[in-house]
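Residue numbers (my numbering): 5 to 308. The structure appears below as structure tokens.
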């Protein structure tokens, strides 16, 4: 029975959500940096023609995305980073040209993964940076503004606060007491995120004119700016504080379609709050992230 299988799969996922004891922050001179990389906020990106394998410019823009990520990595290495994790957090999670990244990094690829765009983060990290990010689904400005799924989700709130991917991922980092120190993307995501994370170093690589249009820096200039801002952020990393949400964490999720809220409400852990919306309460951000990964990725005919 499909409904029962959803219940069993989700309950197993949530039981497994209890994280292992987080490692304490290093005190021996190590510097660990986590970099989550999306694509909508990369310089020059304005439409689907750059964002997926079917787009005629995708292969070129994979290289530009990789170059922006590499600029942040290089700045971290120059600042003395001893460990860097790069999360490929766009589309199929297999966009970055890993042979073109600095050899010192490890890369998180593909989906699903329990912490989504932040998979691999833990309390041993010292700083987080977001490269190529975009504004949230509640924002009327911004190139390709959405939160997690542009096709499925109309609104996502945590504890009543509208969330973008940047603020939600900052909250996941905050769960592990790790601050977000730097962000790159268009002017809309920078303004939106700076309101929640005041003082964050930011690289504006384009200025939104509409959902599918922008005035943009060249790739070469964006790489230069991202390197500069990442270096500045790491030089004053002690100024930043983690973004933390009170627990338990209430997730309110609104779908663009009617049926998902109906089917998900069959689960006793889910409340249907209106025709298109559901509510889930998790003990922390890890549990909420796992629930969102389930909602985003589960299909009844999953195959190995």
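A virtual CB, placed ideally from N, CA and C, is assigned to each residue, including glycine.
Taking only runs of the alpha helix (DSSP H) that begin and end inside the stretch 170-210, which ones reach a length of at least 4 residues, in chain order?
191-200
Taking C-alpha atoms, which residue in 247, 76, 273 lies nearest to residue 181?
Here residue 181 is taken as the residue at index 177 of the chain shown, counted from 1. Checked all of 247, 76, 273; the closest Cα to residue 181 is 247.
CB residue 256 to CB residue 281, shorter than 8 Å?
If you number the chain shown from 1, residue 256 lands on position 252. If you number the chain shown from 1, residue 281 lands on position 277. In contact: residue 256 and residue 281 (Cβ atoms closer than 8 Å).
Does the Cβ of residue 123 have 16 or more other Cβ atoms within 10 Å, making it buried, or fewer, making it exposed?
Numbered from 1 along the chain shown, position 119 holds the residue referred to as residue 123. It counts as buried.
Taking the Cβ atom as the reference point for each residue, do residue 83 and residue 238 lie within a distance shorter than 8 Å?
Here residue 83 refers to the residue found at position 79 when the chain shown is read from its first residue. Here residue 238 refers to the residue found at position 234 when the chain shown is read from its first residue. It is a contact, given that the beta carbons lie within the stated cut-off.
Exposed or buried, which one is residue 301 when buried takes at least 16 other CB atoms within 10 Å?
Residue 301 sits at position 297 when you count from the first residue of the chain shown. Looking at its Cβ environment, which holds fewer than 16 other Cβ atoms inside 10 Å, residue 301 is exposed.
Tell me whether residue 120 is buried or exposed, calling it buried when 16 or more other Cβ atoms sit within 10 Å of its Cβ.
Taking the first residue of the chain shown as position 1, residue 120 is located at position 116. So residue 120 ends up on the buried side.
Nearest to residue 86 by CA position, among 224, 107, 103, 98, is which residue?
Here residue 86 refers to the residue found at position 82 when the chain shown is read from its first residue. Of the listed residues, the one whose Cα sits closest to residue 86 is 107.
Would you mind working out which of 203, 189, 200, 196 sits nearest residue 209, comparing C-alpha positions?
Here residue 209 is taken as the residue at index 205 of the chain shown, counted from 1. Of the listed residues, the one whose Cα sits closest to residue 209 is 189.
Give a yes or no on whether the C-beta atoms belonging to residue 285 and residue 258 are separated by under 8 Å.
Start at 1 with the first residue of the chain shown, and residue 285 comes out as number 281. Start at 1 with the first residue of the chain shown, and residue 258 comes out as number 254. No; because the gap between Cβ atoms is not below 8 Å, this pair is not in contact.
Rounded separation between residue 295 and residue 173 - CA only
Counted from its first residue, the chain shown places residue 295 at position 291. Counted from its first residue, the chain shown places residue 173 at position 169. Near 14 Å, if we compare the C-alpha coordinates of residue 173 and residue 295.
Going by beta-carbon coordinates alone, are residue 76 and residue 39 separated by less than 8 Å?
Taking the chain shown and counting its residues from 1, the one referred to as residue 76 is at position 72. Taking the chain shown and counting its residues from 1, the one referred to as residue 39 is at position 35. Cβ distance < 8 Å, so residue 76 and residue 39 count as in contact.
Going by CA-CA distance only, name the one from 275, 65, 36 that's closest to residue 42.
Stepping through the chain shown from its first residue, residue 42 is reached at position 38. For residue 42, the nearest C-alpha among the options comes from 65.
Residue span of the beta strand (DSSP E) that contains residue 75, given as start and end:
Against the chain shown, residue 75 aligns to sequence position 71. Premise fails: residue 75 lies in the alpha helix (DSSP H), 62-82, not in any beta strand (DSSP E).
Other residues of its chain near residue 116: CB distance less than 6 Å, five sequence neighbours each side excluded
Here residue 116 corresponds to residue number 112 of the chain shown, with the count starting at 1. Cβ neighbours of residue 116 beyond the five flanking positions: 297, 301.
Can you list, in chain order, the residues of its chain with a C-beta nearer than 7 Å to that of residue 27? Leave out the 5 residues immediately preceding and following it.
The sequence position of residue 27 within the chain shown is 23, counting from 1. Any answer about residue 27 is weak, because its pLDDT of 35 lies below 50 and its placement is not dependable; what the coordinates show is given next. Same-chain partners within the cutoff: 126, 127, 128.
Alpha carbon to alpha carbon, how far is residue 226 from residue 168? Give it in angstroms, no decimals.
By one-based count along the chain shown, residue 168 stands at place 164. By one-based count along the chain shown, residue 226 stands at place 222. Using only the alpha carbons, I get a separation of about 22 Å.
Compute the beta-carbon to beta-carbon distance between residue 175 and residue 187, rounded to the nearest angstrom, for a pair I have assumed lies under 8 Å.
For this step, residue 175 is matched to residue 171 along the chain shown. For this step, residue 187 is matched to residue 183 along the chain shown. Their Cβ separation, rounded to whole angstroms, is 14 Å, which puts residue 175 and residue 187 out of contact at 8 Å.
Reduced DSSP category for residue 223 - H, G, I as helix; E, B as strand; rest coil
Indexing the chain shown from 1 puts residue 223 at position 219. Note: residue 223 maps to helix in three-state DSSP.
Please return the same chain residues whose Cβ sits closer than 7 Å to the Cβ of residue 293, not counting the five positions on each side in sequence.
Counting from one through the chain shown, the residue named residue 293 turns up at place 289. Once the five neighbours on either side are set aside, the close Cβ partners of residue 293 are 118, 119, 120, 176.
Could you tell me how far apart the beta carbons of residue 133 and residue 37 are, in whole angstroms, since I believe they sit closer than 8 Å?
Here the question's residue 133 lines up with position 129 in the chain shown. Here the question's residue 37 lines up with position 33 in the chain shown. That pair is a contact at about 7 Å.
Using the three-state DSSP reduction, which class does residue 136 fall into: helix, strand or coil?
In the chain shown, residue 136 corresponds to position 132, counting from 1. DSSP places residue 136 in strand when its eight states are reduced to three.
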